[in-house]
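Asker: Protein sequences appear in the order of chains A and B. According to my numbering, the stretch in the first sequence is residues 162 to 331, in order. According to my numbering, the stretch in the second sequence is residues 80 to 220, in order.
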Amino acid sequence: MPFPIDAFPSPNLPAIPPTPSGPNPQGPAGFGRLYDRLQENSPPAMLPMRPIQPIVMPNLGMNQAWVVGMEGTVPPIGRDGLRQPSVGRNPQRDPVGPLAFLGPLADGIQQVNALQERASAFANEAAIGGDVDLHDVMIASEEAGVAMQVALQIRNKLVEAYQDINRMQV
Amino acid sequence: MGFFDSLTTSASGLTAQRFRMDVIANNLANATSTHGGADGGPYRRQLAIFEARAEHRRDVEDRSVRTPNGVKVARVFEDESPFRLVYEPGHPDANPDGYIAYPNINPVQEMTDMISATRSYEANVTVINAVKGMAQKALEI
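Structure, rendered in structure tokens:
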């Protein structure tokens, strides 16, 4: 059964913009934040978020327990403030064999979780009257919702496949 | 571009129209400001100039290509058309001939630009909703 590894694409929305921090040499006074947001390769800023708890898999017949999403350190944060998939970075530690789908699955779950946290951080910023655009709040919550729907559908397919196999006559 | 990338493009369009609306609001608010412009003169009308933004990505054959990625502000341009001179000899800002130079802002033009910015904003919101609808339909497969 092919596992759709691309089911959880890494979203590239800009992260929450920073609070006004210093002069903006290119933009006119007063237009700094929106002007900066629209430039190419504008640096993303991160809201401080809780560190994502690594998913630890128990010893399932392999030599040692391996930690999904860790290769000694937490996987790097990409431009958009979300963690990049860790499968494929360290081939020695990637799970292989019958449990090979657990790597992308855990990555996908972490990405969905990261999107949800990002949406709630945006909403908090808007609620306290922070320097955030309303359409960014709505788009972030929409993305989180769609990612959750995708995860739900994937889960449905997995469960259905499992039930199909269970129904096979021995 | 994936689903999230097309949302990024539309988000940049929304931000651009908001930026343009800020510029228009600034123009209308300063329609009679005789100070505060460059060189201490009257306020000059400002326009936002937009430019297509592109991002360097790697396509399936790992070549670096420029893919369209929305809109960015090229610069904020100050309109060089002449100021509006009004004859008020008793005013402290009057020049020796008794004329005050008011900003070169035409309220009718600003209102038209405002309507255009609003409609562009709504068009981008429509695109986002259409993309969202497509994604929902895809999940029904």
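Even for Gly, the Cβ is constructed at its ideal location relative to N, Cα and C.
Taking a cut of 8 angstroms between CB atoms, which residues from the segment 198 to 217 of chain B lie near chain A?
Answerer: Result list: V204, I207, K211, A214 and Q215.
Asker: Can you give the beta carbon distance from B:V66 to B:V139, rounded, assuming they're within the 8 angstroms contact cut?
Answerer: What is shown of chain B runs 80 to 220, which leaves residue 66 of chain B out entirely.
Asker: Do we get a CB-CB distance below 9 angstroms when we pair A:M329 with the residues of chain B?
Answerer: Counting from one through the first sequence, the residue named residue 329 of chain A turns up at place 168. Chain B contact via Cβ: absent.
Asker: Give me the DSSP bridge partner(s) of B:V152.
Answerer: Position 73 of the second sequence holds residue 152 of chain B. For B:V152, which the question treats as bridged, DSSP gives the partners B:F129.
Asker: Mind pulling the chain B residues with CB within less than 8 angstroms of A:V311?
Answerer: Taking the first sequence and counting its residues from 1, one reaches residue 311 of chain A at position 150. Ordered by position in chain B, the residues that pass the 8 angstroms Cβ test against A:V311 are L218.
Asker: Look at B:T146 and B:A131 and say whether their C-beta atoms are less than 9 angstroms apart.
Answerer: Here the question's residue 146 of chain B lines up with position 67 in the second sequence. Here the question's residue 131 of chain B lines up with position 52 in the second sequence. Their beta carbons are not under 9 angstroms apart, which means B:T146 does not touch B:A131 by this criterion.
Asker: Which chain B residues sit within Cβ distance under 7 angstroms of A:E321?
Answerer: Mapped onto the first sequence, residue 321 of chain A falls at position 160. What A:E321 touches in chain B: nothing, since even the nearest Cβ is about 13 angstroms away.
Asker: Measure from the alpha carbon of B:A108 to the alpha carbon of each residue in B:A196, B:Q125 and B:T94, then state which is nearest.
Answerer: Along the second sequence, read from residue 1 onward, the residue named residue 108 of chain B stands at position 29. Measuring from the Cα of B:A108, the nearest candidate turns out to be B:Q125.
Asker: Run through the DSSP bridge pairs and tell me what B:L164 is partnered with.
Answerer: Stepping through the second sequence from its first residue, residue 164 of chain B is reached at position 85. DSSP, once it has assigned bridges, lists B:A180 as partnering B:L164.
Asker: May I have the straight-line CA-CA distance separating A:N327 from A:N317, to the nearest angstrom?
Answerer: Taking the first residue of the first sequence as 1, we reach residue 327 of chain A at position 166. Taking the first residue of the first sequence as 1, we reach residue 317 of chain A at position 156. Cα to Cα, the separation comes out at about 15 angstroms.
Asker: Within 10 Å of its beta-carbon, does A:G264 have 16 or more other beta-carbons around it, so buried, or fewer, so exposed?
Answerer: Working through the first sequence from its first residue, we reach residue 264 of chain A at position 103. Result: buried.
Asker: Report the CB separation of A:V307 from B:A214 in whole angstroms; it is logged as a contact under 8 angstroms.
Answerer: Start at 1 with the first residue of the first sequence, and residue 307 of chain A comes out as number 146. Start at 1 with the first residue of the second sequence, and residue 214 of chain B comes out as number 135. Going by Cβ atoms, the distance from A:V307 to B:A214 rounds to 5 angstroms, so yes, they are a contact pair.
Asker: By the three-class DSSP mapping on this structure, what secondary structure does B:E159 have?
Answerer: Position 80 of the second sequence, counted from the first residue, corresponds to residue 159 of chain B. The answer is coil: DSSP assigns B:E159 none of H, G, I, E or B.
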